[in-house]
Amino acid sequence: MLLNSFVGCEGKPGRCPAGLLLITDSSLQARLPNSACPPPVRLGDFLNTYPDITLEIANEGGFTDIVKEGFDAGIRLEESLEADMVAVKISPNLTTVIAASPEYFERYPKPEHPRYLVCHRCIKRRFTNGSIYRWEFEKDGQELIVAVDGPLIVSEDRLALLTALNGAGLAYLFDLRVHAELAAGRLVRVLEDWCAPYSGPFVYYPTRRQMRPALRAFIDFFRYAQKDTGGR
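All you need for my numbering is the position in the sequence shown, starting with 1, plus 1066.
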């Protein structure tokens, strides 16, 4: 479903989408180690473009019925979308990265297979529902889930990244989060052949509900412009 885009609203009072927009982000509860989107920089751009919109994003501890709970829209991975919802992709495909600092690998050997992670100090992630994320891998059709252990449990990726940079353990993060650190050699990636890409998150909303201008602006702004991805 194609939506016409709004132009920027700076200096155009009374002509722009306005009001409170409620979004629930359950993408991290599906199988992501951290919330995927929208990225903070893009959020700032959106709020500057539409200054009359107040955006509230709730990171939920599980999947939410957006109609029952009064949300305008939600964010989930493709595998968790409900059939009666309209879904718009808002991110490129995602790839996870297992990485640690060069100093860490001076003390510990690089794991050559995910099963060797049980011998490493891994930075774990706790979801808002209390569960600990188990690291997921895939190679040549073989799927593997590893319950890692380590000295730190976090609830957001920034602390995991900083801890990995300080040489205290292996982190499981998105490639887009650690691109600069990998390029600069501050982090070293391992098990790359076991980290298969998968579809990025979608924003979804009910088909039977008339779309508010604020939601329409949000979707148009964050819609991922797919090229040759073959995505939804």
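In this text, a Cβ means the ideal position worked out from N, Cα and C, and glycines have one as well. Since this is a predicted model, take the numbers as computed values, not measurements.
Unbroken alpha helix (DSSP H) run spanning residue i, endpoints
| i | result |
| --- | --- |
| Q1279 | Inspection of the sequence shows that residue 1279 is occupied by Pro rather than by Gln. P1279 -> alpha helix (DSSP H) spans P1279 to F1288. |
| L1225 | D1223 to L1231 |
Reduced DSSP secondary structure (H/G/I, E/B, other) of residue i
| i | result |
| --- | --- |
| G1110 | helix |
| T1115 | helix |
| E1135 | helix |
| R1243 | helix |
| L1183 | helix |
| L1248 | helix |
| E1148 | coil |
| G1297 | Any reading at G1297 must be qualified, since the residue scores a pLDDT of 37, below 50, and its modelled position is unreliable; no value is offered. |
| F1193 | coil |
Burial state of residue i, where buried means 16 or more other Cβ atoms lie within 10 Å
| i | result |
| --- | --- |
| E1135 | exposed |
| V1214 | buried |
| T1090 | buried |
| R1181 | exposed |
| R1191 | buried |
| L1227 | buried |
| C1185 | exposed |
| A1246 | exposed |
| I1198 | exposed |
| D1138 | buried |
| G1357 | Since the first residue of the chain shown is 1067 and the last is 1298, residue 1357 is not available in this structure. |
DSSP bridge partner residues for residue i (one or two, in chain order)
| i | result |
| --- | --- |
| Y1238 | I1164 |
| D1011 | The requested residue 1011 is not part of the displayed model; the chain covers only 1067 to 1298. |
| K1176 | K1176 pairs with nothing; no bridge assigned. |
| T1120 | L1086 |
| E1169 | BP columns for E1169 are empty, so no partner. |
Terminal residues of the beta strand (DSSP E) in which residue i lies
| i | result |
| --- | --- |
| E1258 | Unbroken run through E1258: none, as it is neither H nor E. |
| D1215 | Careful: D1215 lies outside any beta strand (DSSP E) and carries neither H nor E. |
| I1198 | First-last for I1198: undefined, no H or E at that position. |
| P1267 | P1267 to P1272 |
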